[in-house]
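Contents: one structure, followed by commentary.
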Amino acid sequence: MSPDATLIYVVSWLAILKLLQMALWPNLRRGFADLAYPAAYPASVLLFTLVSWYLGLVHLPVQLALLPFVLLLGYHAAKRHYTWEELARNVKWDAIVLICFVFLLEVRFLNPSISFAEKFMDHAFLASIMRSPVVPPLDPWFAGGTLDVYYYLGHWMMGVLGLCAGAPSPVVFNLVLPTVLALAAVSLAAAGHILCRRFFWLPVLTLFVVNPSFVALALAGEKASTIMWESTRTIADTITEFPLFSMLWGDPHAHVIALFNQAFFLLVLTVTATSWTTLRARGKAVICACAALSLGSMPLVNTWDVFVYAPATLIVGAYLWWRTRGQDTADRSPLAFLVGVPAGAVALYLPYYLQLDSQGIGGIGIVHSPSEPLAFLLVHGFFLLVFFAVCLDDLRKKPYLLVCAFPFLLAGYPAAAIAAVPMSCLLARRRFRPREVFGALGLGILVLIELFYLKDNMGETYYRMNTVFKFSMVAWMLMGVSAFAFIAEWAERRGIAPTVRGRRQWAPLAAVVLVILILPFALPDLSHGHGGMTLDGLAYLETQHPGDAAAIAFLGTLEGDITIVEAEGGDYSYYSRVSSSTGIPAVIGMPFHEQMWRGSGGDVGARMADVRAIYERPETTIALMKKYGATHLYVGEAERDRYRVSIPAGELEEVYSAGGVQIYRLPPAAGSSA
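The sequence shown begins at 6 in my numbering and counts up one residue at a time.
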């Protein structure tokens with residue numbers, strides 16, 4: 006892939022994001038006022054996703070989702086809803102988006118490979134959606150199945166953007182995280198305008214700070230790869246990622262894509278809590294629509310988020326009702342938020358909910374191995390330090406608040422006791438400022454996941470891994486915004502960093518831009534030997550697996566309904582690489598994932614046995630290929646290593662042979678007789 010082509014893909018991608026944002030911006034002014042410009046970035050992407058998803062549902066070209074935005078842009082231009090003065094005043098938001106995008110784009114340029122962790126899965130989803138953008142998308146690892154067993158909307162979102170930009174899936178893979186970071190950053194900066202005034206940029210640091218474990222490992226002189234990994238495995242048998250790790254690790258998994266939606270929803274809640282009573286009816290309608298759009302997409306992008314933000318919606322709605330009670334008996338607007346937002350959230354994506362066939366959660370369990378206090382502090386210590394500092398005066402005036410820790414200590418949950426103290430202090434203030442609410446909610450999550458876990462099928466050792474993993478990321482976002490808002494409040498009370506006027510005001514921005522442009526090249530190599538200097542995530546195949554690279558490129562040229570047979574060799578390995586690289590469904594791939602998603606009804610073990618039989622028992626090859634609707638049989642180095650390959654080559658048509666790879670096609674006559 007030439008550098009010129011890559012640059013065209015990037016420019017096209019950014020142009021589409023800008024088109025979407027500019028088209029929606031004027032429509033948000035009544036609700037978001039001066040913050041409509043930054044809010045339009047994430048809101049427009051979510052709306053575009055909704056429109057494209059419905060187009061996929063009725064099997065229309067998803068690129069048509071751009072049409073209403075183009076028409077809207079033309080309408081606003083004709084009505085002169087854009088002025089040079091407004092554009093100049095809002096250029097700082099464009100700068101935030103572009104700076105964050107370029108920063109992470111450089112990181113991905115240096116470490117682009119789709120080669121480890123969940124990267125095969127996430128590219129498989131992207132490639133499947135981009136190859137056949139229908140609803141529900143085809144499952145690339147389960148021939149005949151669809152992705153209705155998992156939350157795939159985030160990958161749909163990015164895949165359709167890629168189709169509109171004309172970029173191939175291995176490049177789109179490396180455009181996802183820069184986009185997520187940029188959209189999350191602009192949302193947090195907009196929330197910071199309300200929470201932090203002239204320190205509006207502080208909440209953005211939520212996306213860039215590391216946990217104390219990372220710092221401790223770095224000071225101990227550990228290798229970069231060790232620091233990255235161990236800092237997110239500090240609490241035994243769990244995962245506690247933080248946003249910067251996820252961005253540098255480079256895996257656009259569902260919980261990472263969801264970060265920008267979390268940030269946008271926090272902006273919506275902040276605007277709602279602080280401006281609701283001053284908004285007119287149409288402004289309130291805009292806020293409710295954006296809240297429903299964001300909340301409704303959460304179960305579809307990363308289901309875990311909605312378990313926190315749905316209650317948060319009800320809390321904010323109840324507060325609005327309580328605050329306006331008795332002021333105007335005719336004012337029913339708080340009910341519009343309290344009831345209308347959850348109802349609208351479900352209604353917007355009702356067909357998705359009806360299609361969903363996930364295994365779900367098997368109940369709630371009691372944690373029997375809580376976090377060690379030191380490990381807990383090494384993960385959450387920075388924010389806890391801020392909250393304890395904020396609450397010192399509260400504890401001096403009301404020392405009885407410390408009593409809330411005793412029940413947890415007596416029950417053997419010391420980490421929960423640590424988080425419960427600042428949580429009780431923030432609640433005891435009885436203020437409904439977003440900083441107190443977000444902080445108390447984040448701390449409350451930490452308390453709850455020390456006591457309870459949601460039952461899944463991760464086994465006995467890692468029984469609480471997903472609960473801690475997914476909810477601690479939500480807690481990080483909530484606590485981060487809250488903590489940095491408190492830091493800004495402290496700095497403003499002390500008159501720190503007065504407003505700089507004149508040319509000097511550009512000096513800090515220039516310094517930040519310079520650091521961002523240089524820093525990625527100073528980061529350690531995280532490519533695990535796969536190389537970089539490209540945005541093509543599969544470029545490493547050409548040097549490390551040239552036979553597969555050429556064969557995969559050949560398969561990419563084939564059109565129509567294709568299903569392949571390839572070797573499976575467990576998860577988190579190079580096996581299932583063909584389906585993962587092309588999006589073409591295989592009979593079975595990454596079996597542990599499929600077992601988690603489909604349970605016993607998926608007969609994953611039977612499929613694994615049938616794939617072995619296809620390769621090793623030539624008398625069954627044709628019949629088993631017909632059974633799964635397989636059209637092509639792939640034989641490469643991985644298949645020969647995994648199986649004693651013996652296929653009825655005379656009954657199959659060889660359509661490709663090069664570099665140690667043969668691809669056979671089931672003749673149409675044989676396939677149609679199934």
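Virtual Cβ for every residue (Gly too), placed ideally from N, Cα, C.
In this structure Leu76 is not in contact with Val291, their Cβ atoms being roughly 19 Å apart against a cut-off of 8 Å. Going by DSSP, Gly447 is part of the alpha helix (DSSP H) stretching over Pro439 to Leu456. Taking C-beta separations shorter than 6 Å and ignoring five residues to either side along the sequence, the partners of Ala380 in its chain run Thr239 and Ile240, following chain order.
For Gly370, DSSP records a beta bridge to Tyr458. Rounded to whole angstroms, the separation of the alpha carbons of Gly197 and Lys289 is 21 Å. Counted as a single uninterrupted DSSP element, the stretch harbouring Tyr577 is not any alpha helix (DSSP H), since DSSP gives it neither H nor E. With contacts defined by Cβ atoms closer than 9 Å, Thr11 and Thr539 form a contacting pair. With 16 or more neighbouring CB atoms inside 10 Å of its own CB, Trp98 falls in the buried class. About 13 Å separates the CB atoms of Ser578 and Glu571; that is not less than 8 Å, and the two are not in contact. The C-beta distance from Leu406 to Ser429 rounds to 5 Å, short enough to meet the 8 Å contact threshold.
Where Glu621 is concerned, the enclosing alpha helix (DSSP H) starts and stops at Val609 to Glu621. With the rule of 3 Cβ pairs closer than 8 Å, the segment 600-607 does not count as touching the segment 618-632.
CA-CA distance, Leu131 to Arg434, rounds to 47 Å. It is roughly 35 Å from the alpha-carbon of Phe213 to the alpha-carbon of Gly594.
Proximity of the segment 457-470 to the segment 225-234 falls short of the contact definition, fewer than three beta-carbon pairs being nearer than 8 Å.
Counting every other CB atom within 10 Å of its CB across the protein chains shown gives Tyr42 a total of 16 or more, marking it as buried.
Considered as a whole, the segment 148-194 harbours 158-170 as its complete alpha helix (DSSP H) runs of no fewer than 4 residues, in chain order. Using a 10 angstroms sphere on the CB of Pro8, the tally of other CB atoms stays under 16, which defines it as exposed. Between Ser192 and Ala44, the CB-CB gap stays under 9 Å.
With fewer than 16 other beta carbons inside 10 angstroms of its own, Phe526 counts as exposed. At least 9 Å separates the beta-carbon of Pro117 from that of Val185.
Spatial neighbours of Val306 in its own chain (CB-CB distance under 8 Å, excluding positions within 5 residues in sequence) are listed in chain order as Tyr156, Leu158, Gly159, Met162, Ala259, Ile262, Ala263 and Asn266.
Relative to the Cα of Glu621, the nearest Cα in the group Trp495, Ile523, Val520 and Val650 belongs to Val650. In this chain, the alpha helix (DSSP H) harbouring Tyr314 covers Val311 to Thr329. In the pairwise beta carbon analysis, the segment 360-379 is classified as not touching the segment 320-328: fewer than three pairs are separated by under 8 Å.
As computed with DSSP, Arg436 is found in no beta bridge at all. Gln364: not part of any beta strand (DSSP E); DSSP gives it neither H nor E. Under DSSP, the beta-bridge partners assigned to Arg670 are His637 and Glu658.
Listed in chain order, the non-local C-beta contacts of Ala170 below 7 Å within the same chain comprise Tyr14, Ser17, Trp18 and Ile21, local neighbours out to five positions each way being set aside. Phe74 and Ala100 have their C-alpha atoms spaced approximately 22 Å apart.
Following the DSSP letters along the chain, one finds Ala296 inside the alpha helix (DSSP H) bounded by residues Ala286 to Asn307. The beta-bridge partner set that DSSP reports for Ile232 is empty.
In this structure, Arg203 lies away from Glu642, with their beta-carbon atoms at least 9 Å apart. Per DSSP, the continuous alpha helix (DSSP H) segment holding Val391 begins and ends at Pro378 to Val395. Rounded to whole angstroms, the gap between the alpha carbons of Asp242 and Leu340 is 43 Å. Straight-line spacing of the CA atoms in Leu271 and Ser49 works out to 16 Å.
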